[in-house]
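The block underneath contains the structure these notes are about, expressed in structure tokens.
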Amino acid sequence: MNEPLEFAFEVACRPATAFSTWTTRASTWWPLDHSVSGERGLQVVFEEGVGGRIFERTSSGAEHQWGRITAWEPPSRLAYTWHLRFGPEDATDVEIRFVDVGGDRTRIEIVHGGWERLGGRAPQRREGNRLGWTSVFPHFVEAIDRGDG
13 MNEPLEFAFE VACRPATAFS TWTTRASTWW PLDHSVSGER GLQVVFEEGV GGRIFERTSS
73 GAEHQWGRIT AWEPPSRLAY TWHLRFGPED ATDVEIRFVD VGGDRTRIEI VHGGWERLGG
133 RAPQRREGNR LGWTSVFPHF VEAIDRGDG
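Using our numbering, read the sequence shown as starting at 13 and increasing by one per residue.
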């Protein structure tokens, strides 16, 4: 099964706030158990613009790359390659849309694909990412609700 994973959920803010919370304030909500180092105080960095890196930086300065930005269209769209805990040759593709649904609410739509590049490893990686995404979303919603954006 190489079908893209698709998710959608809503948050109580405008798209610009959701986009910036995802990209510039990820350290406030990204769970430590979804990182390479798992270290307290790590920074999650999205380097602005196409070609920018996504990585974690530990308090000692060590960096672990997670992916690269392939589309940077604030406040409506973000896309990147994704290889958290794997090498860039095993990257998959993530696209996130931040859709204004009115009333200061935003629908976050995520499509995570590219599994076919992983061959026989695809089903296990896809399932791991499905579980990972569903456990990450509540942290993002809580950050929005706290006003971390």
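By construction, the Cβ of each residue, glycine as well, lies at the ideal position given by its N, Cα and C atoms.
LEU90 and THR33 look like a contact to me (Cβ under 8 Å); what is the Cβ gap, rounded to whole Å?
-> Walking along the sequence shown from the start, residue 90 turns up at place 78. Walking along the sequence shown from the start, residue 33 turns up at place 21. Rounded to the nearest angstrom, the Cβ distance from LEU90 to THR33 is 12 Å, too far for a contact under 8 Å.
Per-residue DSSP class, three states only, for GLY79 = By one-based count along the sequence shown, residue 79 stands at place 67. Correct three-state label for GLY79: strand.
Quick one: give me the first and last residue of the alpha helix (DSSP H) that PHE149 is part of.
-> As a first step, residue 149 must be located in the sequence shown, where it is residue number 137. Note, PHE149: alpha helix (DSSP H), 134-158.
Per the contact definition of three or more C-beta pairs closer than 8 Å, is the segment 25-32 in contact with the segment 82-96?
-> yes
Could you name the residues that DSSP lists as bridge partners for LEU90?
-> Taking the first residue of the sequence shown as 1, we reach residue 90 at position 78. According to DSSP, LEU90 bridges with TRP84 and ILE108.
Rounded to a whole number of angstroms, what is the C-alpha to C-alpha distance between PHE110 and ILE120?
-> Sequence index remark: in the sequence shown, residue 110 carries index 98 (1-based). Sequence index remark: in the sequence shown, residue 120 carries index 108 (1-based). Whole-angstrom Cα-Cα distance: 5 Å.
Cβ neighbour criterion (16 or more within 10 Å) applied to ARG80 | The residue you call residue 80 lines up with position 68 of the sequence shown. Classification for ARG80: buried.
Evaluate GLU154 with the Cβ neighbour count: other Cβ atoms within 10 Å of its Cβ, from every protein chain shown; 16 or more gives buried, anything less gives exposed.
-> Here the question's residue 154 lines up with position 142 in the sequence shown. Exposed is the call here.
Residue burial classification, VAL62 (beta-carbon count within 10 angstroms, cutoff 16) | Here residue 62 refers to the residue found at position 50 when the sequence shown is read from its first residue. Answer is exposed; the Cβ neighbour count stays below 16.
Alpha carbon to alpha carbon, how far is THR93 from THR82? Give it in angstroms, no decimals.
-> Counted from its first residue, the sequence shown places residue 82 at position 70. Counted from its first residue, the sequence shown places residue 93 at position 81. Approximately 7 Å between the Cα atoms of the pair.
From this set, VAL23, ARG69 and GLY53, which residue's C-alpha is nearest GLY115's C-alpha?
-> Counting from one through the sequence shown, the residue named residue 115 turns up at place 103. It is VAL23.
In the structure shown, what three-state DSSP assignment does PHE31 receive?
-> Sequence index remark: in the sequence shown, residue 31 carries index 19 (1-based). Residue state, collapsed to three classes: helix.
Per-residue burial, LEU143 [other beta carbons within 10 Å of its own, 16 or more giving buried] = Counting from one through the sequence shown, the residue named residue 143 turns up at place 131. Exposed is the call here.
For ALA74, count neighbouring Cβ atoms within 10 angstroms of its own Cβ and tell me buried if that reaches 16, exposed if not.
-> Translated into the one-based positions of the sequence shown, residue 74 becomes position 62. When all chains shown are included, ALA74 counts as exposed.
Have a look at HIS95, GLY126 and ASP157 and flag the residue whose alpha-carbon is nearest the alpha-carbon of ASN14.
-> Within the sequence shown, numbered from 1, the residue matching residue 14 stands at position 2. Among HIS95, GLY126 and ASP157, the Cα nearest to that of ASN14 belongs to GLY126.
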